[in-house]
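Working notes, structure below.
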Amino acid sequence: MLLLHCPYCGPRWEQEFQCRGEAHIARPEPAAEASDATWAAYLYLRSNPKGLHYERWQHTHGCRRWFNVLRSTLTHEIVAIYRPGEPKPELKR
Amino acid sequence: MSRYSAINLLRNALGGHRHWPVVWRDPAPKPRYEVVIVGGGGHGLATAYYLAKHHGIRDIAVLEKGWLGGGNTGRNTTVVRSNYLNDESGSLYELSLKLWEGLSQELNYNVMFSQRGVLNLAHTEHDVQSLRRHVFANRTQGIDAEWLSADEVRAFCPILNFSPGARFPIRGGSLQRRGGIARHDAVAWGFARAADRLGVDIIQNCEVTALKREGDRIVGLETSRGEIAAGKVGVVVAGHCGVLAAMAGFRLPIESHPLQALVSEPLKPVLHTVVMSGLVHVYVSQSDKGELVIGAGADTYNSYAQRGSLGIIEGTAHALIELFPCFSRLRMLRSWAGIVDICTDVSPIISKTPVAGLYFNCGWGTGGFKATPGSGFVFAHTIVRDEPHPVAAPFSLDRFTSGAIVPEHGAAAVAH
Amino acid sequence: MSSQPFRLATGGRIDRQRALCFRFDGQVYWGHPGDTLASALLANGVRLVGRSFKYHRPRGILAAGVEEPNALVRLGEGARAEPNTRATQVELFDGLVAESQNRWPSLAFDAGQAGDLLSALLPVGFYYKTFMRPKGWWERYERLIRQAAGMGRAPQGADPDRYAKMHAHCDVLVVGAGPAGIAAALAAGQRGARVVLADEQAELGGGLLAAASLIDGQSAGDWLALALATLRAMDQVRLLPRTTAFGYYDHNFLGLVERVSDHLAAPPAHLPRHRLWKLRARQVVLATGALERPLVFADNDRPGVMLAGAAATYATRYGVRSGKRAVLFTNNSEAYGAAIALADAGVQLTAIVDAREDVRDDWAARARERGIRLLAGQAVVAVEGRRQVAGVRAMRLGPGADQVTGLPARLECDLLMMSGGYSPTLHLYAQSGGRLVWDPLRACQLPGEARQAVHVAGAARGSLELAQALVEGTAAGAQAAAECGFAGALPEAPQAEPAPAAASLRPLWLVPLSQSSGGKRFVDLQNDVTAADLMLATREGYRAIEHVKRYTTAGLGTDQGKTGNINTLAIVAQKLSADIAGLGHTTYRPPYTPVSFAALAGQDRAPLHEPVRRTGMQGWHEERGAEFEPVGQWRRPHHYPRPGESMHEAVARECLAVRQAVGVVDASTLGKIDIQGPDSPKVLNWVYTNAWDRLPIGRCRYGLMLNEEGMVFDDGVTARLDQHHFHMTTTSGGASTVMNWLEEWLQTEWLNWRVRFTSVTEQWAVAAIAGPSSRALLKDLAENLDLSDEALPFMGVSEGRVAGLPARVFRIGYTGAQSYEINVAASHGMALWLALLAAGEKYGITPFGTEAMHVLRAEVGFIAVGHETDGTVTPDDLGLARLCKTSQDFLGRRGLARPALRAERKQLVGLLTDHPKTVLPMGGQVIDRAELRPPHPSLGHVTSSYWSAHLGRSIALALIKGGRARQGERVWVTNDGGLAPATIAPARFLAPAEAAR
């Protein structure tokens, strides 16, 4: 049962949130010019790493805001939380 | 004495059971194999077995990073059925179900496939329409399916909640009588033993650390037990498919999530079929040992940790009691999680890949156990012929580019 | 009151002044407050309490706590029955009723024990090797196997009790209130931290409850009372007795279950039975103690063979001697304490059989002081007696412990105490992600590297000695508090007198069989797994410890192998000549002890299983006897049957009323989103397929929403109320999906757009009136509202008053009839509804439900999301390609351009059956011939199908491959009886009314 620090509300338990999948997947623009392969990558392909994962969460049962989380899929440790539009924190190896 | 039968059980009893042969050898990896299967779960072992049995290939290794059947094969809720919506899925799962029906005899290992029926409950008008659509689709596909009225459901499974206070009253259900459950570990062990008899090297504690390519072609693997050259490599690693795909340099339309399941303490027989409800979100059967085997939901986040949240378990408990009020005072004995590889269209991938000689079989999500024999059967064919088995063709990777996906979202809100 | 032959005259923490009456297998017995069911049974001389799983061997009480594998009973009766309950954890109450399990016809004469005689034919995994012929017979064999397996019977009927949940936070959670836990709670509490101290027992104190040592100069009991009083006096400390921490989840979140009223015959009205604590702790101290291990020797399962510590607990805590004459069989010195405690309680100690050679420590000296005979370097190799120990035989143990030699010595006893060492209780620690490391010296697992904010103290980290436990507990508590920011002076650890010096233990995992006696050596008592089974499994090649577990079922019982798992691991390691550490271990899975489903569900049952959303008019629907259907969390009226009317008659009547007069439907459940801001039109242009810039104020437009794959997922009508203000409607079931979709794009992609979305679904009540008389009816009730076609045309919106209520009126509809959707404040919903019914009486107003609504919309060919769409349908499939703008991008547009979406697709068409009265089943498959020989490819399926009373025939919509080009073709549709012939027709059976075009 994760403890997430909503950047707008503070620490709340996982039940208030929903994970909304991988972050930083840009919509190909202009879409009409994107190839089928590019569009498929946008729609379907995911990095699915075993380790640190950039992902989006929504505080669905709270402020309803979306934000980004850098979290380990192996230990569930949360490394960083940042708002949409803020720069992606670099991975420290 | 090595064949399994009642008579040999008796003979071995006289010898104090000292003469049973080992179920599979424990060979050291050879430097090269014609085909290497990565992943010693049910699907991987089945693939190796059918490669050896039907395609005459004997120079095969199965590499398993831990112990055989230690992934989702040993963590699922053992439901077997074939009542899918789309013709493509129907063909695949029905092929599998037919193999299940003779599997104990084929493998000479009792996998305890119990065709006690799988009952899907409808609680709303929409459920009724959706399940009836499945029933009609299945009958057209040649897959057994029956629609039961609410009264018929009650007669079939009287301990279900038919009280007037039910939040989601039961309005009927679809029943596949040929569906049921099997003993999950036995499936891995049975395939392993049968494959071993055909000369397949089953190598445990052997983790693949890199895939070796020459140009666009796979030539071997680096493992924790040394380098192994390979003519062809089939990857069947479920939740870890993304890790292997990354080694091969491509991404998959798959994310890995924790899926939890749990069992109750053992009870005398009380539930005689498999009951599933998409709306109330639970599925349950009773194992031969007497435990209620209960499927819970998947967490929304990606994980490789084989652990999930208590919240999922709580939700499953109230769903269980909603369907079976008399289970309220029973206790959860054990809960666990597997890592399920969920594909965008909730259908599997059985496919060639951008790398020649490298094949992937993954994306079975929450429902791979039932497909074990069929998956191995069509994947073996795909590897040998270097082109998809006709039943597997719709499940190739290129469907994501073309858009010809096999949508089973509606097939069951709880798919497994 | 009948006598309790094994009750000691003095001692223990029971109240001898009060007697409690209870029944076991129909027999009446007596016990005292403070007893467990197990201690009371022992006090009454009841030894045989259960039968084992596979061989139905007679079994007695092995332990005094959670680790008990044998003494499982069915507690209570009827709907309150509770199978598989450990007698060692049941607090005795007056009137308690318990029954033994897994035996027939009775506990003493169990037919199932034939299995014990046939055990040679039933080796581990026998079922994998047989029952395969004849093919197809498995289900028959299985029926017999199932009958034999299982343990208790499930209760019948619904649970009458109540359950609760509690969310809590604390600085320091201390699990276990033994010496280390109490010391930790004191230290953390003194530093000012918010502390929760939980213990599974009714009385806090753990080992202190039976300890004989002095602490800080007082008796352990007095010190405990003082410590508890100190803790109770601290405001920020909460004590939770009868509470088991069962699961350690991520980020220091733990699940605990409090058995609030299990010790009472029935919970009083104000109390739940169980309470689930969901607790987030900044720091956790695990003071969970250790479990004593049995020794593995022939017939070690006989009633009267007991863990040494348990026998001591029964004597010192419950005032019960578990036998008259006892033998201790041990491989360690700590167990001598148990023998001495029994001797001091008046039990005759025949001998101590010690596997170690030459034991010369303080414990041995104390035993000798009491004249107890010591057999060093020996092992028990045989147990006499079947339903009750009648004596044991001991032999010399060879140096490698791989054989026994010499002549057996017969030792008279009715109680065999055993101790094979101690396993720290690290279940929670392992669940937290902490590593376990094998300590060869102490022959047990110890906590290694931690992953969460957790400390381990006392016996749980191998420190069996009281003084050390107190020191470690104090340090852990102080440290945990400090890490939460509570510094201050280091609390002083309580001082206990040092324990007698103890020689180290001799690992003894498996006692060799003697040549003469043989016998089964049990490792897992509940599941009847023997050492021979483990060896057979390894011989057959099941060598990974998980394979051994799964093949033999060792550790899979309701006790989760608490007494057997380490022995299993060690015996397998020994057999494989492997290092125990290298073998790993099986996973410690939650829960630590079984937790009732009811506790996990809490109050979320029956009506609270899922909340019910109610519209302003819900009460009227209920009163009028509407039949409801669940739609999301709503319950919408499906139809309103009149007395004696069938569903079909009611729906036909409701439909005709709309076509001929006027009907009214509660449309409040439609999703409604208020959109404001200058970028609103831009948003609509993106999320809908059509164009929105030029929509005039006061006008509405229908739109389709697609996901990025190009598939329709919702539809609805959106109105422009002002230049920068829109009112969007969605389907009832799709409201939250649409809201999430809008928010996702706005918050993650359209960061600087000036637009806001507000869900107003529950702010508006909506009554939709439909039918030729709808305008006349509305006119009667309208104020400040011009209903002329010029002022309020079809697809227009106006504001004014209806029935005196401020209202927003949309001239839109879903039935093809002239209609108005009247929106008022949710609190005015009922007033509006009643006013419409009253004023509509003269027009023959008829309330209609969702079924009539579907018939009406299908007649005019309007799609319903969820019927005509299922996530795989594009606008063109629905014949709505005209709604897709070509000039601009929109969400889903690129998805539509993929090759498979441009190939031949299933398209929406109508179907007219040959027999007008045949109503096709929804979901029926459409095929191209008059006979079904499966497998046959399907052309598509029926998406909507109804009897149209207005048209006097059945109508159906279907998605059919290439359907639009196949108009007039004949097809066949599967139904319950066979195939129904039909003809493909346009997807519209009736033109909408003039006023609704």
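As given, the protein sequences belong to chains A, B and C, one line each in that order. Whatever position you read off the first sequence (first residue = 1), add 58 for the numbering used here. Whatever position you read off the second sequence (first residue = 1), add 11 for the numbering used here. Whatever position you read off the third sequence (first residue = 1), add 12 for the numbering used here. By construction, the Cβ of each residue, glycine as well, lies at the ideal position given by its N, Cα and C atoms.
Between residue i and residue j, how many whole angstroms is the CB-CB distance? I'm expecting something under 8 Å.
i	j	result
Leu-334 (chain B)	Val-291 (chain B)	6 Å
Asn-697 (chain C)	Gln-572 (chain C)	About 59 Å; that fails the 8 Å criterion.
Phe-380 (chain B)	Gly-50 (chain B)	Not quite, the Cβ-Cβ distance comes to about 14 Å (not below 8 Å), so this is no contact.
Leu-923 (chain C)	Ala-994 (chain C)	4 Å
Ile-170 (chain B)	Ala-72 (chain B)	With 8 Å as the limit, Ile-170 (chain B) and Ala-72 (chain B) do not qualify as a contact, their Cβ atoms being about 48 Å apart.
Thr-627 (chain C)	Gly-841 (chain C)	6 Å
Is residue i close to chain B? Criterion is C-beta to C-beta, closer than 8 Å.
i	result
Trp-984 (chain C)	no
Met-144 (chain C)	yes
Lys-950 (chain C)	First, the amino acid is wrong: residue 950 (chain C) is Ser here, not Lys. With 8 Å as the cut-off, Ser-950 (chain C) counts as an interface residue toward chain B.
Lys-66 (chain C)	no
Glu-641 (chain C)	yes
Cys-77 (chain A)	yes
Arg-626 (chain C)	no
Ser-608 (chain C)	yes
Does the CB of residue i have a neighbour CB from chain C at under 8 Å?
i	result
Glu-157 (chain B)	no
Ala-423 (chain B)	Its pLDDT being 38, under 50, Ala-423 (chain B) is placed unreliably by the model, and nothing is read from it.
Thr-131 (chain A)	no
His-60 (chain A)	According to the sequence displayed, residue 60 (chain A) carries Leu and not His. Leu-60 (chain A) counts as touching chain C.
Cys-217 (chain B)	no
Phe-380 (chain B)	no
Trp-115 (chain A)	no
His-119 (chain A)	no
Within the 8 Å Cβ cut-off, does residue i reach chain A?
i	result
Thr-355 (chain B)	yes
Ala-426 (chain B)	Because Ala-426 (chain B) sits at a pLDDT of 35, beneath the cut-off of 50, its placement in the model cannot be relied upon, and the following sentence gives the value as read from the coordinates. Output row for Ala-426 (chain B): interface = no.
Glu-622 (chain C)	no
His-263 (chain C)	yes
Thr-412 (chain B)	yes
Complete runs of the alpha helix (DSSP H) confined to the region 500-563 of chain C [at least 4 residues]: 543-551
query: Between the region 98-113 of chain A and chain B, which residues of the former have CB atoms less than 9 Å from a CB of the latter, in chain order?
result: Ala-98, Ala-99, Leu-101, Tyr-102, Leu-103, Arg-104, Ser-105, Asn-106, Pro-107, Lys-108, Gly-109, His-111, Glu-113
- request: Output the residue ranges of the alpha helix (DSSP H) runs that lie fully inside the region 573-634 of chain C and measure 4 residues or longer, sorted by chain position.
  value: 577-587, 592-595, 609-613
message: Assess contact between the region 803-810 of chain C and the region 819-831 of chain C, defined as three or more Cβ pairs (one per stretch) separated by less than 8 Å. Is contact present?
response: They touch, by the three-pair rule.
- prompt: Quick one, which residues of the region 116-134 of chain B are near chain C if we go by CB-CB under 9 Å, in chain order?
  reply: Gln-116, Asn-119, Tyr-120, Asn-121, Val-122, Met-123, Phe-124, Ser-125, Gln-126, Arg-127, His-134
- request: Can you give me, in chain order, the residues of the region 145-179 of chain C that have a beta carbon less than 7 Å from any beta carbon in chain B?
  value: With the criterion set as a beta carbon lying under 7 Å from some beta carbon of chain B, the members of the region 145-179 of chain C are Lys-147, Trp-150, Glu-151, Glu-154, Ile-157, Arg-158, Gln-159, Ala-161, Gly-162, Met-163, Gly-164, Arg-165, Ala-166, Pro-167, Gln-168, Gly-169, Ala-170, Asp-171, in sequence order.
message: Could you check whether the region 315-323 of chain C touches the region 62-79 of chain C, counting it as contact only if at least three pairs of C-beta atoms, one from each stretch, sit closer than 8 Å?
response: yes
- request: Would you be able to state if there are at least three C-beta pairs under 8 Å between the region 185-204 of chain B and the region 88-99 of chain B?
  value: Counting Cβ pairs under 8 Å, three or more are found: they touch.
task: Mind the definition here: the region 520-533 of chain C touches the region 309-316 of chain C only if three or more C-beta pairs lie below 8 Å; say whether that holds.
output: yes
task: Pick out the complete alpha helix (DSSP H) segments inside the region 374-435 of chain C, 4 residues or longer, and give them in chain order.
output: 374-381
task: Ignoring anything shorter than 4 residues or poking outside the region 836-920 of chain C, list the alpha helix (DSSP H) runs there in chain order.
output: Within the region 836-920 of chain C, the runs of alpha helix (DSSP H) at least 4 residues long that lie entirely inside it are, in chain order, 841-852, 862-871, 905-908, 911-914.
- prompt: What are the residues of the region 20-33 of chain B that lie near chain A, defined by any Cβ-Cβ distance shorter than 9 Å?
  reply: Residues are counted here when their Cβ sits less than 9 Å from a Cβ of chain A; for the region 20-33 of chain B the count is zero.
query: Using 8 Å as the threshold, is the region 391-403 of chain B in touch with the region 14-22 of chain C, meaning 3 or more CB pairs across them?
result: no
message: Tell me whether the region 98-115 of chain C and the region 329-336 of chain C touch, counting them as touching only if at least three CB pairs, one residue from each stretch, are closer than 8 Å.
response: Not touching, per the Cβ criterion.
- request: Could you please tell me which residues of the region 311-327 of chain B, in chain order, have their CB closer than 7 Å to any CB of chain A?
  value: Thr-311, Tyr-312, Asn-313, Ser-314, Tyr-315, Ala-316, Ser-320, Leu-321, Gly-322
message: For the region 80-91 of chain B, list every residue whose C-beta sits within 9 Å of some C-beta in chain C, in sequence order.
response: Gly-80, Gly-81, Gly-85
query: How about the region 469-477 of chain C and the region 200-217 of chain C: do they share at least three Cβ pairs that are nearer than 8 Å?
result: no
- request: Please list the segments of the beta strand (DSSP E) lying wholly inside the region 213-244 of chain B, counting only runs of 3 or more residues, in order along the chain.
  value: 219-225, 228-234
Uninterrupted alpha helix (DSSP H) stretches inside the region 69-121 of chain C (no shorter than 4 residues): Restricted to the region 69-121 of chain C, not a single alpha helix (DSSP H) segment is unbroken, complete and at least 4 residues in length.
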